[in-house]
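**Q**
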Amino acid sequence: MTTILGISAFYHDSAAALIVDGRIVAAAQEERFTRKKHDFDFPAQAIDFCLHEAALTPSDLDWVGFYDKPLQKFERLLETYLAYAPVGFRSFTKAMPLWLREKLFLPRVMQKGLPGVERRKFIFAEHHESHAASAFFPSPFEEAAILTLDGVGEWATASFGMGRGNHIELTHQLRFPHSLGLLYSAFTYYTGFRVNSGEYKLMGLAPYGRTTYAELILDKLLDLKDDGSFRMDMSYFNYCQGLTMTSRKFHRLFGGPPRRPESPITQREMDLAASVQAVTEEIMLRSARHLHQVTGAKNLCLAGGVALNCVGNGRILREGPFERLWIQPAAGDAGGALGVALLIHHQLLDQPRDVAPLDAQRGSLLGPAFTDDQVERFLKSCGAVYSRQADDESLCRVVADLLAGENVVGWFQGRMEFGPRALGARSILGDARSRSMQSVMNLKIKFRESFRPFAPSVLRERVADYFQMRDDEDSPYMLLVAPVCEARRIKANGQGQGFDQLKVVRSEVPAVTHVDNSARVQTVDPRRHALYHRLLTAFERKTGCPVIVNTSFNIRGEPIVCTPADAYRCFMATNMDALVLEHCVLHKTDQPEAQRVDVDRYKSQFTLD
Ligand SMILES: [Fe+2]
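20 is the number of the first residue of the sequence shown in our numbering; add one for each residue after it.
#1: Using three-state DSSP, classify residue 407 as helix, strand or coil.
#2: List in chain order the residues whose CB is within less than 5 Å of at least one heavy atom of ligand 1.
#3: CA-CA distance, residue 165 and residue 356?
#4: If contacts are defined as beta-carbon pairs under 8 Å, then residue 430 and residue 599 qualify, I think. What distance do you get, rounded to the angstrom?
#5: Do you know offhand how far residue 266's Cα is from residue 260's?
#6: Does the pairing of the segment 167 to 185 with the segment 351 to 370 give three or more beta-carbon distances under 8 Å?
#7: Is residue 214 helix, strand or coil by DSSP?
#8: Take residue 403 as the anchor and find which of 591, 91, 61, 272 has the nearest alpha-carbon.
#9: If contacts are defined as beta-carbon pairs under 8 Å, then residue 84 and residue 359 qualify, I think. What distance do you get, rounded to the angstrom?
#10: Of the choices 437, 313, 529, whose alpha-carbon is the least far from that of residue 571?
#11: What separation, rounded to the nearest whole angstrom, lies between the Cα atoms of residue 275 and residue 456?
#12: Could you tell me which residues DSSP pairs with residue 313 in its beta bridges?
#13: What number of angstroms, rounded off, separates the C-alpha of residue 580 from the C-alpha of residue 442?
#14: With contact counted as at least three CB pairs below 8 Å, one residue from each stretch, are the segment 268 to 283 and the segment 315 to 328 in contact?
#15: Among residues of its own chain, excluding the 5 on either side of residue 138, which ones have a beta-carbon nearer than 7 Å to its beta-carbon?
#16: Would you mind stating whether residue 307 and residue 346 have Cβ atoms separated by less than 7 Å?
#17: In the DSSP assignment, find the unbroken alpha helix (DSSP H) run with residue 562 in it and report its ends.
#18: Tell me the residue span of the alpha helix (DSSP H) that contains residue 332.
#19: If I follow the unbroken beta strand (DSSP E) through residue 14, where does it start and stop?
#20: In whole angstroms, what separates the C-alpha of residue 561 from that of residue 202?
#21: Please state the DSSP three-state secondary structure of residue 393.
#22: Express the C-alpha separation of residue 508 and residue 483 in angstroms, rounding to a whole number.
#23: So, for residue 584: in the same chain, excluding its five sequence neighbours on each side, which residues have a beta-carbon less than 7 Å away from its beta-carbon?
#24: Of the residues 608, 448, 471, 294, which one's Cα is nearest the Cα of residue 206?
#25: For residue 414, which residues of its own chain have a beta-carbon under 6 Å away from its beta-carbon, when the five flanking residues on both sides are left out?
#26: Can you tell me the Cβ-Cβ gap for residue 405 and residue 540, rounded? I've got them flagged as a contact below 8 Å.
#27: Tell me the residue span of the alpha helix (DSSP H) that contains residue 590.
#28: Taking the beta strand (DSSP E) that residue 85 falls in, what are its first and last residues?
#29: Run through the segment 235 to 311 for me and flag every whole beta strand (DSSP E) of 3 or more residues, listed as ranges in chain order.
#30: Under 8 Å, with one C-beta from each stretch per pair, do the segment 380 to 390 and the segment 31 to 45 reach the 3-pair mark?
#31: With distances taken Cα to Cα, identify the nearest neighbour of residue 337 among 351, 361, 304.
#32: Candidates 210, 292, 213, 298: which alpha carbon is nearest residue 244's?
#33: Figure out for me which residue from 135, 462, 564, 611 has the closest Cα to the Cα of residue 80.
#34: What are the boundary residues of the alpha helix (DSSP H) that residue 25 is part of?
Set out below in structure tokens:
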């Protein structure tokens with residue numbers, strides 16, 4: 020038996036992943052345990068969970084992989100600092116303590132965190148190799164082109180190459196400071212959102228705007244080549260030498276200082292979002308076309324933070340030259356933990372790779388699970404009022420009824436998802452046909468910005484009835500955006516301006532139809548997500564509609580819930596109507612007043628994202 024632990028840490032989204040004889044046994048992000056979003060500390064609890072899952076102790080491990088090379092990263096920081104000295108000194112000293120403390124002494128930190136593991140068992144891979152490995156090895160392809168698009172690792176900010184059998188080879192890279200991820204983050208910062216977490220908001224905001232600044236971006240900020248590579252004019256950016264992303268010259272070019280976080284969003288931010296999104300999509304498409312030309316491959320695997328840009332992914336699939344696409348669900352740095360473990364197994368140890376027909380990611384349900392008995396013990400201990408359903412069928416019937424009655428339901432089942440999207444294991448669900456659901460869920464449940472769209476889960480076998488996707492196209496990990504079918508749209512409703520566009524009912528499933536008639540689709544199939552598929556089937560049987568709203572089980576700034584206790588607290592603090600923990604069903608109106616959680620106190624635990 021070969022056991023390999025992968026770790027990513029000390030940048031953002033620390034995580035651990037365990038593979039045993041090449042099979043992915045467990046993977047989780049540290050934030051879910053510590054309840055600190057994007058926690059970047061050494062992932063002690065995630066490691067404990069992974070080892071516990073396979074009944075191992077640290078000394079049983081054959082290898083421990085780390086997802087990047089700290090010394091090379093240090094060298095980049097140092098060189099960048101020297102190039103910009105003395106103006107860069109402030110950011111350097113600010114970045115230094117963490118690097119000195121953790122990164123440079125990483126082997127020591129790892130040894131302390133993993134007592135009993137000898138130093139010779141530690142392996143450090145390159146950042147982009149880890150991303151590439153996480154994209155290709157679990158994919159359903161014997162052979163595929165690989166593209167990683169990211170902020171920055173050691174030096175590379177994007178890379179491409181090929182994967183064949185049990186081997187990957189990266190042949191090209193784009194190097195710091197020229198970076199699509201950092202370009203997107205610069206606009207995230209400039210429009211008043213938080214870098215490394217607000218990128219999703221910017222993508223959600225883009226459809227409200229016009230691409231009026233796209234030409235300016237292409238003219239002034241970048242020199243974009245046909246092959247998707249580019250150079251950035253660094254006089255507009257500040258991330259090499261300062262603590263901010265954009266420079267004064269950037270602010271002059273776009274007509275003002277960055278938006279203050281939480282201040283009103285204007286048409287200008289919407290237009291900036293639309294513009295940088297359009298440029299990003301163009302770069303993604305050009306890169307994909309070039310990669311296809313060079314490799315001639317039929318399939319493409321994607322990873323790196325930019326691969327979470329599901330609008331860009333959808334365009335690569337629809338307009339790009341590749342027949343099939345597979346994207347690592349944990350495309351950001353958390354997925355590097357899984358990538359490095361797989362890289363050691365296949366590439367270093369030369370172990371064969373069995374190509375799984377679906378993929379080897381196991382629905383990305385790789386986190387902790389809790390039994391009905393554990394759930395009941397917990398519920399009894401806090402005096403919760405609940406009923407326990409006898410089996411899956413009655414459970415799904417009861418929950419389908421609740422959803423059809425426009426109740427918002429917290430749905431907690433089986434193993435927690437690995438990756439930023441909730442896929443029906445730690446989800447909040449609602450009726451996609453409801454006209455009020457989008458605003459109710461944003462404002463009363465998740466306490467987040469009203470403009471943010473919600474995503475649909477749809478029965479895999481009915482996806483083409485509702486969304487412009489081919490019958491044979493999967494999106495099991497909610498990483499592709501597709502237009503709602505013309506036939507499901509409602510016409511002659513006016514368009515609206517700015518956020519008024521939100522009020523327009525655009526389709527039969529308005530809660531999941533964004534203002535540009537698009538939707539971030541999760542296709543639900545019985546092999547990856549069996550119980551969830553059963554729930555959707557029960558809902559369809561009752562209503563005729565195979566689509567529901569699926570959003571992550573958390574409020575703004577909170578990591579997705581991990582345990583029944585996390586879920587119960589979130590349920591009691593928000594306006595969720597019902598909570599389903601395994602087979603136990605709770606109604607809010609039945610719960611003892613004393614257990615209510617003060618909303619403001621609950622919210623104040625989490626930093627706004
Ligand atoms: Fe990365």
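A virtual CB, placed ideally from N, CA and C, is assigned to each residue, including glycine.
**A** Quick answer:
#1: strand
#2: 169, 352
#3: If you take the alpha carbons of residue 165 and residue 356, they lie about 18 Å apart.
#4: 5 Å
#5: 10 Å
#6: yes
#7: Residue 214 falls in the coil class under three-state DSSP.
#8: 591
#9: 4 Å
#10: 437
#11: Going by the C-alpha atoms only, they are around 36 Å apart.
#12: For residue 313, which the question treats as bridged, DSSP gives no partner whatsoever.
#13: 13 Å
#14: no
#15: 126, 130
#16: Cβ distance not < 7 Å, so residue 307 and residue 346 don't count as in contact.
#17: 549 to 562
#18: 329 to 338
#19: Nothing about residue 14 can be read from this structure; the chain reaches only from 20 to 628.
#20: 47 Å
#21: If DSSP states are grouped into helix, strand and coil, residue 393 belongs with the helices.
#22: 14 Å
#23: 397
#24: Here the closest residue by C-alpha is 294.
#25: 408, 602
#26: Actually they do not touch by this definition, with Cβ atoms about 33 Å apart.
#27: 583 to 592
#28: 82 to 85
#29: 241 to 243, 249 to 251
#30: yes
#31: 304
#32: 298
#33: 135
#34: Looking at the DSSP string, residue 25 is not in any alpha helix (DSSP H); the run it does join, the beta strand (DSSP E), is 22 to 27.
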